[in-house]
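These notes concern the structure reproduced below.
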Amino acid sequence: MTKTIKNTSTNNSSQSHLGIKNKTRFTKIMYYFVLSTLILSAVFIAFLLPNLSNISTDQWNRSKSDYILMLLQCLLGIVVIHIPDFFEKKLSFSISERMIRFYVVFLYCAIYLGEVRALYYRIPFWDTILHAISSMALASLGFSFISILNKTDSIPVNLSPVFVSFFALCFAITIGSIWEIYEFLADSVLGTNMQKYMLEDKTILIGHAAISDTMKDIIVDSIGALISSTLGFLSLVYDKKKQKTVNQ
1153 MTKTIKNTST
1163 NNSSQSHLGI
1173 KNKTRFTKIM
1183 YYFVLSTLIL
1193 SAVFIAFLLP
1203 NLSNISTDQW
1213 NRSKSDYILM
1223 LLQCLLGIVV
1233 IHIPDFFEKK
1243 LSFSISERMI
1253 RFYVVFLYCA
1263 IYLGEVRALY
1273 YRIPFWDTIL
1283 HAISSMALAS
1293 LGFSFISILN
1303 KTDSIPVNLS
1313 PVFVSFFALC
1323 FAITIGSIWE
1333 IYEFLADSVL
1343 GTNMQKYMLE
1353 DKTILIGHAA
1363 ISDTMKDIIV
1373 DSIGALISST
1383 LGFLSLVYDK
1393 KKQKTVNQ
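Numbering (my numbering), first residue to last: 1153 to 1400.
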């Protein structure tokens, strides 16, 4: 009984140190800087929208619908930036500060730099680069999920490197596919052009051209996830061989 109480006390103590408020100062500065940037951008765009027309309004040929997309992305960023904090506080899921920093920087690059500062328009491969990096990070996060399960006493799990790598691959590709569904719904409901199914002059693409951007994103996501999963697999195999050698 005493041992149980001690373990419970230890778990509660560790859980109390989870959440963004208990991270290092540098991580908190990054977190709140990006959050405030997204909030200020959303407020500015919301005030700007009523005075915009459906005709191109800036040097990057962005129309009112593009600014609606920009606002939507900022609002989405304000919500999803809290996901790591939610996982840690509500689900007691410890996420490394390195992963949190990467996540925050990725949101900044994808939403503020990409949409608000128009890097999607100024740098041709900006979107592709972000998809490749995010898929590799998501696969790494998939490995983290399994690693935590393997270390949990209440859930005795001992999975093979092949299964762990396959799970990480599927996890990353699934999240990438969910993002494409989000883009499709945004284009359908709000009239945006996230999936690049129409040209700047509003000409609707048809056939293969209409789905090329979506398929490119999914292919890039899959390649990035495959690379990360393969590296993770090799790392797990190496660790197992090393542990086996030490035990002998």
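In this text, a Cβ means the ideal position worked out from N, Cα and C, and glycines have one as well. As the structure is a prediction and not an experimental result, all values here were calculated from the model.
DSSP, read as helix, strand or coil, puts isoleucine 1356 in strand. Apart from sequence neighbours up to five positions away, the residues of its chain that approach isoleucine 1252 with a beta-carbon distance below 8 Å are Ile1172, Lys1175, Thr1179, Tyr1183, Pro1236, ordered along the chain.
In this chain, proline 1276 is not harboured by any alpha helix (DSSP H), its DSSP state being neither H nor E. Between the C-alpha atoms of isoleucine 1263 and serine 1374 there is a straight-line separation of about 22 Å. Straight-line measurement puts the Cα of threonine 1355 at about 44 Å from the Cα of glycine 1384.
Between threonine 1366 and the set Tyr1349, Ala1324, Ile1379, the nearest pair of CA atoms involves Tyr1349. Rounded to whole angstroms, the Cβ separation of isoleucine 1370 and glutamate 1332 is 6 Å, and the two are in contact under 8 Å.
For the pair phenylalanine 1319 and isoleucine 1298, the CB atoms are nearer than the 8 Å cut-off. For the options Leu1342, Met1288, Pro1276, the alpha carbon positioned closest to that of serine 1217 is the one of Leu1342.
Note on geometry: alpha-carbon atoms of serine 1188 and isoleucine 1233 lie some 11 Å from one another. Excluding five sequence positions before and after alanine 1284, the CB atoms of its chain that fall closer than 6 Å to its own CB belong to Val1372, Gly1376, given in chain order. Distance from the CA atom of phenylalanine 1323 to the CA atom of asparagine 1203, rounded to whole angstroms, is 42 Å.
Annotation: glutamate 1267 is outside any alpha helix (DSSP H) and is labelled neither H nor E by DSSP. Contact between glutamine 1347 and aspartate 1339 holds, with the beta-carbon distance rounding to 6 Å and staying under 8 Å. Residue pairing by DSSP places methionine 1222 in no beta bridge whatsoever. Distance from the CA atom of leucine 1200 to the CA atom of glutamate 1335, rounded to whole angstroms, is 23 Å.
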